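Each residue of the sequence shown is one higher than the one before, counting from 1 in UniProt numbering.
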Amino acid sequence: MSATAVIDTSIFIAILLGEPDAAIHSQAIRLYPKRVMAAATYLECAMVSSKKTTGRADLDDWLLREMVAVVPVDHALAQIAADAFARFGKGRHPAGLNFGDCFAYALARSLNAPLLFKGDDFARTDVLRAGT
1 MSATAVIDTS IFIAILLGEP DAAIHSQAIR LYPKRVMAAA TYLECAMVSS KKTTGRADLD
61 DWLLREMVAV VPVDHALAQI AADAFARFGK GRHPAGLNFG DCFAYALARS LNAPLLFKGD
121 DFARTDVLRA GT
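In structure tokens form, the structure reads like this:
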């Protein structure tokens, strides 16, 4: 098992909203000593959570509590995200990755780390899946 897991927006939102599988996702996160999220994923989480709760405060509290590091987006990561959209993007592939998904995918691929996600979009790609 990899020491690092990349966290997708779908996991944060499931936990934030207390969805039925939230506890399973929380436990899965804690299986990995190092937890990371792309800065673009952070923005997506902030945007989505602002509609649901107090928004960024909840996100920042969660990141601290779960010890999730936010990784800056540089040119190399953006290139991998662009490649992800070309291969798996919405309207191009059944995975239908959106902007935020492409950055979660890119970070996981760049680190050769598994991605923790909810749903079946990433399952239609070649990204490693974190255990849930």
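Note that the Cβ used here is the ideal one computed from N, Cα and C, for glycine as well. These figures come from a predicted structure and were not determined experimentally.
Secondary structure of residue i, DSSP reduced to three states
i: A113; result: coil
i: R30; result: coil
i: L97; result: strand
Endpoints, alpha helix (DSSP H) assigned at residue i
i: G48; result: This sequence places Val at residue 48; Gly is not what is there. From DSSP, the alpha helix (DSSP H) with V48 extends over A39 to K52.
i: T9; result: T9 to L16
i: A81; result: H75 to F88
Local Cβ density within 10 Å of residue i, reported as buried at 16 or more and exposed below that
i: K118; result: buried
i: D126; result: exposed
i: L59; result: buried
i: A3; result: exposed
i: A113; result: buried
i: A57; result: exposed
Contact set for residue i: own chain, Cβ-Cβ below 6 angstroms, skip 5 residues either direction
i: A106; result: L77, I80, A81 and A84
i: A69; result: V36
i: C102; result: A81, A84 and F85
Run of the beta strand (DSSP E) containing residue i, from where it starts to where it stops
i: A69; result: V68 to V71
Close beta carbons around residue i, own chain, < 7 angstroms, minus the five adjacent residues each side
i: L17; result: K52
Own chain, CB closer than 8 angstroms to residue i, minus 5 neighbours either side, in chain order
i: A14; result: D21, A22, H25 and K118
Residue i - partner residues in DSSP beta bridges
i: V6; result: V36 and L115
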